[in-house]
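Undergrad: Mind looking over this structure? Questions follow.
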Amino acid sequence: MAVVEELLRSESDGAISFGNHKLAHKAKLEDFQHAGDLLKVKTYYEITKLEKNGMFLYESVPGTSVTAFKESENGVEFIVEGDEDAQITVGLTDDTEYEVLVSGQSMGTMKTGLGGKLSLSVELAAAGEVSVKIVQV
């Protein structure tokens, strides 16, 4: 899988791809229109962050490249790539329980707090890329 050279792009199936974990210096793209929303991405090797309509949606430390990112009313799914293991935080619905699946295997259920954020660790160093699916229970 390649990094997202244009920082943020819409895919033909309605998903988005964003981030470039290979960049040495911070880059950002603002006011990207996708499905009636305004997206903003900041990315480089240390961090990747995505906002939708001014609200937090995704963050990884260190930076990652994300493809096939799809939101639904029940959660979110995407493929993430990076050179190192990453801590990923996604913005979801407040005070809701979700099942987290990484590479098709359940990591158990997690509950968001009042801020709606859910954090998970993903082992990327050996894998290169993994699929992540977070589904409301």
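Counting from 1, position 50 in the sequence shown corresponds to residue 245 in this note's numbering; the numbering is continuous, with no gaps.
We put the CB at the ideal spot given by N, CA and C, even for glycine.
This one's a predicted model, so the numbers in the text were calculated from it and none came from an experiment.
I need the DSSP call for residue 245, collapsed to helix, strand or coil.
TA: Looking at residue 245 - three-state DSSP - the assignment turns out to be strand.
Undergrad: Provide the residue span of the beta strand (DSSP E) that contains residue 260, from first to last.
TA: Run containing residue 260: 260-267, per the beta strand (DSSP E) assignment.
Undergrad: Take residue 227 and list the residues in its own chain whose beta-carbon comes closer than 8 angstroms to its own, dropping the five residues that flank it on each side.
TA: Once the five neighbours on either side are set aside, the close Cβ partners of residue 227 are 203, 233, 234, 235, 236.
Undergrad: Going by CA-CA distance only, name the one from 258, 239, 201, 321 that's closest to residue 284.
TA: Among 258, 239, 201, 321, the Cα nearest to that of residue 284 belongs to 258.
Undergrad: For the pair the stretch 315-327 and the stretch 284-300, tell me if three or more CB-CB distances fall below 8 angstroms.
TA: Touching, yes.
Undergrad: Excluding sequence positions up to five away, which residues of its chain have a Cβ less than 7 angstroms from the Cβ of residue 229?
TA: Closer than 7 angstroms at the Cβ level, and outside the excluded window around residue 229, lie 205, 211.
Undergrad: Taking the C-alpha atoms as reference points, what is the distance between residue 303 and residue 273?
TA: Whole-angstrom Cα-Cα distance: 18 angstroms.
Undergrad: With distances taken from CA atoms, which of 317, 213, 201 is nearest residue 263?
TA: With distances taken between Cα atoms, residue 263 lies closest to 213.
Undergrad: How would you call residue 286, buried or exposed, if buried means at least 16 neighbouring beta carbons within 10 angstroms?
TA: That one is buried.
Undergrad: Going by beta-carbon coordinates alone, are residue 292 and residue 312 separated by less than 8 angstroms?
TA: Not closer than 8 angstroms, so no.
Undergrad: Does the Cβ-Cβ distance between residue 222 and residue 240 come in under 8 angstroms?
TA: No, they are not a contact pair.
Undergrad: Measuring straight from C-alpha to C-alpha, what distance separates residue 250 and residue 224?
TA: Using only the alpha carbons, I get a separation of about 15 angstroms.
Undergrad: Mapping DSSP to helix, strand and coil, what is residue 220?
TA: Note: residue 220 maps to coil in three-state DSSP.
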